[in-house]
Amino acid sequence: MRVLVAVGEQGGFAAASRQLDISPAAVTRAVGALEEQLGVQLVQRTTRNVRFTDAGLRYYDDARAILQSIAEANEAASGINAEPRGTLSVTAPVLFGRMFVMPTIIEYMQRYPLVKVNANFVDRVTNLVEEGMDVAIRIGNLPDSSLRAVKVGQVRRVLCASPAYLEAHGTPQIPADLMQHSMIVSSALSPRVEWRFESRDEPELVEINPRLVVTSNDAALSAALGGLGITRLLSYQVRSEVERDNLRLLLESFEESPWPVHVVHREEKYGSSKVRAFIDLMVERLRAHPHL
């Protein structure tokens with residue numbers, strides 16, 4: 002099982018042999034013996050790459066989960082919990098990761114020198130199980146799942162523009178005014194170009210005809226700072242620029258309810274010390290942050 006999982010994780014027999022510190026021939030023999038024992042082909046071999054069969058892919062997923070459970074059971078039984086070790090995988094949105102998560106990762110790694118960290122900062126929702134993530138920071142309401150979540154704060158979706166743009170084009174007073182303005186849309190935050198607002202009467206949907214569509218919140222922020230138009234981002238992403246008066250908030254009385262921020266992790270039978278220690282530190286730091 003360990004050999005097969007190494008082949009899947011490393012993408013080939015030669016790479017797996019280097020990771021396991023055994024010969025490529027030993028890897029081939031181990032996988033072949035496993036296939037003979039099970040009576041089914043697990044791996045399709047070509048001169049260029051290695052691909053799992055459907056049965057092999059299912060067996061690979063099960064084997065990886067079994068090996069992880071064994072490692073966690075051994076850790077719990079042997080008392081290694083006092084010293085976190087191993088590799089921790091963390092994911093978060095790009096700007097949130099840079100501003101909030103990375104300082105905590107640095108502190109965590111300095112505190113626990115035996116832990117390695119893979120930080121995956123992307124503006125999309127990652128599947129913790131399929132992508133092998135231990136911990137995720139999620140912004141927004143969570144769907145029902147088997148994952149565990151700890152709420153650490155909340156953020157708002159805000160409209161903003163530069164003072165120069167507003168001086169040249171005027172300041173919108175109601176959501177419908179946005180149809181007369183140059184709009185910047187980040188598809189990472191708003192995949193639909195239809196924005197929802199709330200007022201005392203009832204929710205209002207405004208169809209946005211963007212002049213610029215970008216795939217990252219960083220790019221939308223840069224465009225707004227450059228005076229190109231109005232954009233909608235999360236409050237923590239623009240707070241420092243608003244405080245310096247490089248951006249101004251718009252239509253605050255029409256904002257939606259705040260979005261919760263959670264630290265999410267997979268529910269495991271045996272708790273891993275490296276995961277528990279990181280979650281405890283991350284929750285403490287985020288709950289104490291004034292921007293959340």
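Going by my numbering, the sequence shown opens with residue 2, and the numbers climb by one from there.
In this text, a Cβ means the ideal position worked out from N, Cα and C, and glycines have one as well.
- Annotated three-state conformation of isoleucine 175 is coil, per DSSP.
- With fewer than 16 other Cβ atoms inside 10 Å of its own Cβ, methionine 180 counts as exposed.
- In the DSSP secondary-structure assignment, arginine 197 is bridged to Leu206.
- Judged by DSSP in its simplified three-state form, histidine 170 adopts helix.
- Rounded to the nearest whole angstrom, the C-alpha separation of alanine 278 and glycine 98 is 18 Å.
- In this structure the stretch 96–116 does not touch the stretch 243–259; the number of beta carbon pairs closer than 8 Å is below three.
- The residue among Glu256, Cys161 and Ser223 with its C-alpha nearest the C-alpha of glutamate 199 is Glu256.
- Per DSSP, the beta-bridge partners of serine 90 are Asn119.
- In the three-state DSSP reduction, isoleucine 23 falls in the coil class, being neither helix nor strand.
- Listed in chain order, the beta strand (DSSP E) elements of length 3 or more contained wholly in the stretch 245–277 are 249–251 and 260–266.
- In this structure, histidine 290 sits away from valine 151, with a CB-CB distance that is not shorter than 9 Å.
- Inclusion of proline 204 and valine 186 in the CB contact set at 9 Å is not warranted, their separation being larger than that value.
- Excluding the 5 residues flanking it on each side, glycine 141 has same chain C-beta neighbours closer than 8 Å at Trp260 and Pro261, in chain order.
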